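In this note's numbering, the protein residues as written are 2 to 500. Backbone N, C-alpha and C define an ideal beta-carbon position, used for all residues, glycine too. The structure presented is a predicted model; accordingly, all values stated were derived computationally and were not measured. What follows is a set of notes on a single structure, which appears directly below.
Shown next as structure tokens:
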């Protein structure tokens, strides 16, 4: 086949459907795939981007030819903040050697703070205990879990990155959560999408899009203040968190003029871990609880497995997951079905490339659409239905699927994916260990359609009732020995250890 450019569709303006949902796959993209194949071109205002559709095309680009497709594309709001206060230093939207150095360090630091330090798993378990306590305070009454889950996911990231658990009533912490949520909301709005497509004009015009940049700058200022606190209290023999580890690496490379370990990169690396880690995990958890309300039979099977493997007297641990194939399958299916990052973050080509018969020049923006992978009918039968069984074999053992890419794939796969996996498992099992979830409306009336577009697919707003479970399914040995008499309905002993 000759080397041609991917076929372009007509230029799309603000009035077109793609113009109002830049980062959420609009309904006409499958039509373009049917007409032009899995590689085609669309226009975002004046920007021409290449779309990769389906598992085969995305895998070939991100895994088989990772070096060519490993450049990171630009997002206007982040670019403005980066170009202004942070001088273009970043991890999430960086490329080349800078990105490779920071990524290697981030992966290592997230796995180990050193001997004797609290592990990431322990920090998640502590927060799961607090989440159970907050759910218990609702006393079985209907409530919206959004804020509870956002606080928990954010608090985990704060513990890992800043080494600090913020009180749920801390005004600075609550303000940070609100601004993070507002950024995602505004990015999904018409103003946000216009800003993304016509940023060179919109940055000079008033409008709601200006709030995106203000909120991002405030988030960065918050992070910078936490870094200053760590600098003042740094114990070089006893690093407590990600920032401490980064500060120590900065000291080691202070005489290296080409080092990537400096304050600007620390601010943006911490920002990326917080910003992405909070919203994507909390959105997946919110979707997961809603799905369980819709499918109480799934919740019941998960609860039975939790009681059999973990019991009721201790906090769930990551090691339990390998002995809980059904729960593992449900969490995988929640991630696949919820599809919280539908369009993926944009990539760019690092060199001129011939891909599937097309010549694509260096610097071209590429959208590997994750929705098209997670809902690829050639890899997932009846992809629009929720079915944990697709991740189980005939013997009931967990069965992996290579098209499961909720964190993207290849060299640009999410740095925090292992932390996110731990959070999803521990939070969901801790909640079901203590509570039965009830919906104020009949399950048949629950709508699972995603709310809005933008970076993150969130579920529609809903309420649930977290009803404390009784002890009927517990054996005598499983009951917590330190539980006072007369508190049969109390949750497991999830009191965090002293820190």
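Counted within 10 angstroms of its Cβ, other Cβ atoms place residue i as buried (16 or more) or exposed
{"i": "residue 257", "result": "exposed"}
{"i": "residue 363", "result": "exposed"}
{"i": "residue 91", "result": "Any reading at residue 91 must be qualified, since the residue scores a pLDDT of 43, below 50, and its modelled position is unreliable; the value itself is stated next. Classification for residue 91: buried."}
{"i": "residue 417", "result": "buried"}
{"i": "residue 433", "result": "buried"}
{"i": "residue 109", "result": "exposed"}
{"i": "residue 343", "result": "buried"}
{"i": "residue 278", "result": "buried"}
{"i": "residue 159", "result": "buried"}
{"i": "residue 348", "result": "buried"}
{"i": "residue 185", "result": "buried"}
{"i": "residue 395", "result": "exposed"}
{"i": "residue 404", "result": "buried"}
{"i": "residue 1", "result": "With the chain covering only 2 through 500, there is no way to say anything about residue 1."}
{"i": "residue 60", "result": "buried"}
{"i": "residue 255", "result": "exposed"}
{"i": "residue 107", "result": "buried"}
{"i": "residue 391", "result": "buried"}
{"i": "residue 397", "result": "exposed"}
{"i": "residue 298", "result": "exposed"}
{"i": "residue 271", "result": "buried"}
{"i": "residue 43", "result": "buried"}
Length of the line joining the Cα atoms of residue i and residue j
{"i": "residue 339", "j": "residue 408", "result": "13 Å"}
{"i": "residue 153", "j": "residue 357", "result": "44 Å"}
{"i": "residue 178", "j": "residue 341", "result": "18 Å"}
{"i": "residue 209", "j": "residue 187", "result": "7 Å"}
{"i": "residue 192", "j": "residue 203", "result": "9 Å"}
{"i": "residue 401", "j": "residue 206", "result": "49 Å"}
{"i": "residue 517", "j": "residue 232", "result": "Nothing can be reported for residue 517: it is not among the residues displayed for the chain, which extend from 2 to 500."}
{"i": "residue 146", "j": "residue 373", "result": "29 Å"}
{"i": "residue 74", "j": "residue 295", "result": "37 Å"}
{"i": "residue 440", "j": "residue 142", "result": "10 Å"}
{"i": "residue 269", "j": "residue 285", "result": "24 Å"}
{"i": "residue 32", "j": "residue 346", "result": "22 Å"}
{"i": "residue 40", "j": "residue 399", "result": "33 Å"}
{"i": "residue 20", "j": "residue 219", "result": "Note that residue 20 scores 38 on pLDDT, short of 50, meaning its location in the model is unreliable; the coordinates nonetheless yield the value given after this. Roughly 28 Å separates the two Cα atoms."}
{"i": "residue 171", "j": "residue 163", "result": "15 Å"}
{"i": "residue 165", "j": "residue 227", "result": "9 Å"}
{"i": "residue 121", "j": "residue 275", "result": "14 Å"}
{"i": "residue 67", "j": "residue 312", "result": "43 Å"}
{"i": "residue 361", "j": "residue 70", "result": "11 Å"}
{"i": "residue 235", "j": "residue 167", "result": "19 Å"}
{"i": "residue 151", "j": "residue 243", "result": "21 Å"}
{"i": "residue 314", "j": "residue 331", "result": "23 Å"}
{"i": "residue 245", "j": "residue 263", "result": "13 Å"}
{"i": "residue 72", "j": "residue 322", "result": "34 Å"}
{"i": "residue 52", "j": "residue 333", "result": "25 Å"}
First through last residue of the beta strand (DSSP E) which encompasses residue i
{"i": "residue 416", "result": "First-last for residue 416: undefined, no H or E at that position."}
{"i": "residue 369", "result": "366–369"}
{"i": "residue 360", "result": "359–361"}
{"i": "residue 49", "result": "48–53"}
{"i": "residue 328", "result": "Looking at the DSSP string, residue 328 is not in any beta strand (DSSP E); the run it does join, the alpha helix (DSSP H), is 326–339."}
{"i": "residue 356", "result": "354–356"}
Residue i, enclosing alpha helix (DSSP H) - first and last residue
{"i": "residue 159", "result": "147–163"}
{"i": "residue 43", "result": "Segment 40–45 is the beta strand (DSSP E) holding residue 43; no alpha helix (DSSP H) there."}
{"i": "residue 136", "result": "121–137"}
{"i": "residue 35", "result": "30–37"}
{"i": "residue 57", "result": "56–60"}
One or two residues paired with residue i in a DSSP bridge
{"i": "residue 466", "result": "439"}
{"i": "residue 348", "result": "73, 367"}
{"i": "residue 393", "result": "399"}
{"i": "residue 430", "result": "DSSP output for residue 430 lists no bridge partner at all."}
{"i": "residue 181", "result": "BP columns for residue 181 are empty, so no partner."}
{"i": "residue 141", "result": "Looking at the DSSP assignment, residue 141 forms no beta bridge with any residue, so it has no partner."}
{"i": "residue 107", "result": "Paired residues: none, contrary to the question."}
{"i": "residue 459", "result": "452"}
{"i": "residue 444", "result": "According to DSSP, which records beta bridges pairwise, residue 444 is partnered with nothing at all."}
{"i": "residue 409", "result": "407"}
Check: residue i C-beta below 7 Å from any heavy atom of the ligand SAH
{"i": "residue 65", "result": "Inclusion of the ligand SAH in the displayed structure is not the case, the ligand content being empty and no account of it being possible."}
Extract the residue ranges of the alpha helix (DSSP H) inside the stretch 208–252, only unbroken runs of 4 or more that lie entirely within it.
210–234
| said: My parser needs the alpha helix (DSSP H) runs of 4 or more residues fully inside the stretch 271–320; what are they? | reply: 297–310
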